[in-house]
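Okay, structure coming up:
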């Protein structure tokens, strides 16, 4: 409340996934060597404690959800849709006015007939693997 009284817009989001979705994500990370770094020992422990963490989350939401600063729950099993829905909702929460933008003109490029672009040594290029 003190933050809001000082003019800060406080908007709280909880990205919620199901137990099944967490299982799928963790399993994919375990199987993919490029994603294993995303798994911490705490992530693995959280699987065992899913219900304990869920209870703690419910208590936290109940105790910190206020009319001045409500929690907004984002259904997050689908990451892309969750992010888009959250961004859309967030933008709708903040009052703003349209700002007139100046028209931008792309200037003509200057061509010098004496200029030749020099070659770049092959060893300077990043390999094109994809």
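Residue numbers (the numbering used here): 20 to 149.
Glycine included, each C-beta is placed from N, C-alpha and C at the ideal position.
Where residue i and residue j are concerned, what is the direct C-alpha to C-alpha distance, given to the nearest angstrom?
i: residue 59; j: residue 91; result: 27 Å
i: residue 80; j: residue 121; result: 44 Å
i: residue 41; j: residue 30; result: 25 Å
i: residue 138; j: residue 125; result: 27 Å
i: residue 143; j: residue 102; result: 37 Å
i: residue 134; j: residue 145; result: 26 Å
i: residue 115; j: residue 26; result: 15 Å
i: residue 33; j: residue 119; result: 34 Å
Give me the DSSP bridge partner(s) of residue i.
i: residue 91; result: 32
Could you spell out the range, first to last residue, of the alpha helix (DSSP H) harbouring residue i?
i: residue 66; result: 60 to 67
i: residue 41; result: 38 to 50
i: residue 168; result: The chain is shown only over 20 to 149; residue 168 falls outside these bounds and no answer can be derived.
i: residue 132; result: Premise fails: residue 132 is in no alpha helix (DSSP H) and is neither H nor E.
For residue i, which residues in the same chain have their Cβ closer than 7 Å to its Cβ, ignoring the five residues on either side in sequence?
i: residue 48; result: 54, 55, 57 and 58
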